[in-house]
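Residue numbers (the UniProt record's numbering): 1 to 290.
No residue lacks a Cβ here, since even glycine has one placed at the ideal position from N, Cα and C.
Here the structure is a predicted model, which means the values were calculated and not measured.
In what follows, a structure is listed as structure tokens, so that the remarks can point back to it.
Okay, structure coming up:
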């Protein structure tokens, strides 16, 4: 009897057809989005049309690599690099490659960074865009290799190099091989700099660990999006080490700007115009018309 009553609550009968009330009243899970900061709820399409920035509190949501291509580079100009590179499993970590495949299917990327060449308001640039939806943007051997190759192409073509970082740090499944990418990418950037070429690092939420300790912090100009978490070790680890209570805004973009580690913080809606202006200024004979 109890089972029969339960079924009668969740279902209704209409002209001999059983209709599930729960299914009838449901709606797509991604139709609405709740801001994690101000808790206001918006239509997901409305949020996307606002560059995934909360209209109420200005919270900057994470973006996929392809979304950044769409809002940053001139339409139809992006050409991807090194899509054939695939991650191996040098330490024989259980289920590692299975997880990589799942993230690859989910994001449409071969690894946690998308690299390529495109036009930014008419100026050719080489870009690397990290995607935190792929293994939390962690840096493994293929991520380091793709970034290094992109820097080398920028050097060869004498172009500016721009990177959007978003990472949880080094990838534990690859151990010391992951850590080696810090040195490899840094050496490539030194060669790029020796040719007098521009490197702009744009740190987004979050940029942490070995990524923040290497190429993310080596820009000729270091920029961040508002309220981005940027740091090396976690807050709790640092507090336990120094035995002091850290400021509430510690490791935010605003804290780093105030203490000299960043050159500027740009709102997402201004990022394309401001970076394009910087690129034009640094081009030989470049003139910016305001």
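Cβ-Cβ distance between residue 170 and residue 209 below 7 Å: Indexing the chain shown from 1 puts residue 170 at position 170. Indexing the chain shown from 1 puts residue 209 at position 209. The answer is yes: Cβ separation under 7 Å.
According to DSSP, residues forming a beta bridge with residue 258: The residue labelled residue 258 in the question sits at position 258 within the chain shown. DSSP, once it has assigned bridges, lists no residue as partnering residue 258.
Nonlocal neighbours in the same chain, by C-beta distance under 8 Å from residue 57, ignoring five residues either side: The count along the chain shown starts at 1 and reaches residue 57 at position 57. So the qualifying residues of the chain are 35, 37, 38, 40.
Straight-line Cα distance separating residue 215 from residue 244: As a position in the chain shown, residue 244 is number 244, starting the count at 1. As a position in the chain shown, residue 215 is number 215, starting the count at 1. Between residue 244 and residue 215, the C-alpha separation is close to 29 Å.
Euclidean distance between Cα positions of residue 246 and residue 240: Counting from 1 along the chain shown, the entry for residue 246 is found at position 246. Counting from 1 along the chain shown, the entry for residue 240 is found at position 240. Spanning the two alpha carbons is a distance of roughly 10 Å.
Simplified DSSP assignment, three categories, for residue 271: To locate residue 271, count along the chain shown from 1; it is residue 271. Looking at residue 271 - three-state DSSP - the assignment turns out to be helix.
For residue 118: DSSP bridge partner residues: Counting from 1 along the chain shown, the entry for residue 118 is found at position 118. 125.
Bounding residues of the beta strand (DSSP E) (the contiguous stretch that carries residue 165): Walking along the chain shown from the start, residue 165 turns up at place 165. Looking at the DSSP string, the run of the beta strand (DSSP E) that includes residue 165 is 161-167.
Limits of the alpha helix (DSSP H) - the one that residue 97 falls within: Taking the first residue of the chain shown as 1, we reach residue 97 at position 97. Residue 97 -> alpha helix (DSSP H) spans 96-107.
Own chain residues within Cβ distance below 7 Å of residue 104, not counting five before or after: In the chain shown, the residue the question calls residue 104 occupies position 104. Once the five neighbours on either side are set aside, the close Cβ partners of residue 104 are 110.
For residue 53 and residue 227, the rounded distance between their alpha carbons: By one-based count along the chain shown, residue 227 stands at place 227. By one-based count along the chain shown, residue 53 stands at place 53. Cα-Cα distance, rounded: 12 Å.
Residue 63 classed as buried or exposed, judged by whether at least 16 other C-beta atoms fall within 10 angstroms: Taking the chain shown and counting its residues from 1, one reaches residue 63 at position 63. By the neighbour-count rule (16 or more Cβ atoms within 10 Å), residue 63 is buried.
Strand pairing of residue 158, partner residues [DSSP]: Locating residue 158 in the chain shown gives position 158, counting from the first residue. Bridge partners of residue 158: none, in fact.
C-alpha distance - residue 123 paired with residue 147, whole-angstrom precision: On the chain shown, position 123 is the one that residue 123 refers to. On the chain shown, position 147 is the one that residue 147 refers to. Straight-line Cα distance between these residues: approximately 20 Å.
Own chain residues within Cβ distance below 6 Å of residue 220, not counting five before or after: For the purposes of this step, residue 220 is taken as residue 220 along the chain shown, with counting starting at 1. If we look at residue 220 and ignore the five residues flanking it on each side, its Cβ neighbours are 198, 199.
Inter-residue Cα distance where the pair is residue 270 and residue 91: Walking along the chain shown from the start, residue 270 turns up at place 270. Walking along the chain shown from the start, residue 91 turns up at place 91. Going by the C-alpha atoms only, they are around 43 Å apart.
Assigned exposure category for residue 145 - 16 Cβ within 10 Å defines buried: For this step, residue 145 is matched to residue 145 along the chain shown. Buried.
Buried or exposed (CB count within 10 angstroms, at least 16 for buried), residue 242: For the purposes of this step, residue 242 is identified with residue 242 of the chain shown, where counting begins at 1. Exposed, by the Cβ-count rule.
Backbone CA spacing between residue 190 and residue 43 [nearest angstrom]: The sequence position of residue 190 within the chain shown is 190, counting from 1. The sequence position of residue 43 within the chain shown is 43, counting from 1. Roughly 45 Å separates the two Cα atoms.
Residue 249 and residue 255 closer than 7 Å at C-beta: Against the chain shown, residue 249 aligns to sequence position 249. Against the chain shown, residue 255 aligns to sequence position 255. Contact: yes.
Rounded separation between residue 33 and residue 51 - CA only: In the chain shown, residue 33 corresponds to position 33, counting from 1. In the chain shown, residue 51 corresponds to position 51, counting from 1. Using only the alpha carbons, I get a separation of about 14 Å.
Limits of the alpha helix (DSSP H) - the one that residue 199 falls within: If you number the chain shown from 1, residue 199 lands on position 199. Unbroken run through residue 199 is the beta strand (DSSP E), 199-208; no alpha helix (DSSP H).
Continuous beta strand (DSSP E) stretch holding residue 43: start and end: Indexing the chain shown from 1 puts residue 43 at position 43. Unbroken beta strand (DSSP E) run through residue 43: 41-43.
Three-way DSSP call (helix, strand, coil) for residue 282 in this model: Against the chain shown, residue 282 aligns to sequence position 282. Residue state, collapsed to three classes: helix.
Residues that DSSP places opposite residue 223 in a beta bridge: For the purposes of this step, residue 223 is identified with residue 223 of the chain shown, where counting begins at 1. According to DSSP, residue 223 bridges with 202, 264.
DSSP beta-bridge partners of residue 34: One-based indexing of the chain shown puts residue 34 at position 34. Looking at the DSSP assignment, residue 34 forms a beta bridge with 41.
Residue from 160, 232, 139 with nearest C-alpha to residue 194: Here residue 194 corresponds to residue number 194 of the chain shown, with the count starting at 1. The shortest Cα separation from residue 194 among 160, 232, 139 belongs to 160.
Burial state of residue 273, where buried means 16 or more other Cβ atoms lie within 10 Å: Numbered from 1 along the chain shown, position 273 holds the residue referred to as residue 273. It counts as exposed.
Pair within 7 Å by beta-carbon distance, residue 203 and residue 224: Within the chain shown, the letter at position 203 stands for residue 203. Within the chain shown, the letter at position 224 stands for residue 224. Yes, Cβ-Cβ distance for residue 203 and residue 224 is below 7 Å.
Distance between residue 212 and residue 70 (C-alpha atoms, nearest Å): On the chain shown, residue 70 is found 70 positions in, with the first residue counted as 1. On the chain shown, residue 212 is found 212 positions in, with the first residue counted as 1. Rounded to the nearest angstrom, the two C-alpha atoms are 25 Å apart.
Three-state secondary structure (DSSP) of residue 141: The residue labelled residue 141 in the question sits at position 141 within the chain shown. Reduced to three states, the DSSP call for residue 141 is helix.
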